[in-house]
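Last residue of the sequence shown? That's 106 in full-length UniProt numbering, and every number before it is there in order. Structure first, commentary second.
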Amino acid sequence: VKRERLTSLQPVRLIPATEVPSEVDTVLVSPSVKHQVFLGFGGAFTESAAEVFAMATPKQQARIIDAYFLEEFGLGYQFGRVHMNSCDFSRGNWSCCDTPGDTKLE
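See below:
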């Protein structure tokens with residue numbers, strides 16, 4: 001099925017599990033069964049994003065923070081993740097510690 005981004009799709013009709021033929025792939029949704037607790041969501045903050053943020057004006061920085069963390073006007077992030085060592089979006093290659101076996105990062 002070809003999907004187009006931002007295209008309205010027909011709603012999916014949910015039916016009771018007892019009415020689904022056995023040969024059809026199914027997803028069982030049971031509100032009474034909980035496998036995990038949802039704490040929130042967020043995203044990664046990279047070195048290149050930090051550089052762009054640092055170059056922004058204080059007013060732009062406030063707008064960026066609001067866009068990420070405000071629920072009513074933004075994405076509503078509860079968490080942020082930073083990478084350990086360099087990543088694809090780092091300005092160069094680096095590591096936190098180059099000493100083999102130094103698990104305390106001394």
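Think of the CB as a built atom: it goes at the ideal place given N, C-alpha and C, for glycine as much as any other residue.
Could you give the DSSP three-state label for residue i: helix, strand or coil?
{"i": "F73", "result": "coil"}
{"i": "R63", "result": "helix"}
For the beta strand (DSSP E) that contains residue i, what are its first and last residues?
{"i": "V52", "result": "Element bounds for V52: not the beta strand (DSSP E) but the alpha helix (DSSP H), E47 to M55."}
{"i": "I89", "result": "For the sequence presented, residue 89 should be read as Phe rather than Ile. Neither: F89 is in no beta strand (DSSP E) and is coded neither H nor E."}
In whole angstroms, what is the alpha-carbon distance linking residue i and residue j?
{"i": "T18", "j": "Q36", "result": "26 Å"}
{"i": "R81", "j": "P21", "result": "43 Å"}
{"i": "R63", "j": "A50", "result": "14 Å"}
Would you say the beta carbon of residue i is closer than 7 Å to some non-hydrogen atom of the ligand FAD?
{"i": "P58", "result": "Although the ligand FAD was asked about, the structure shown includes no ligands whatsoever."}
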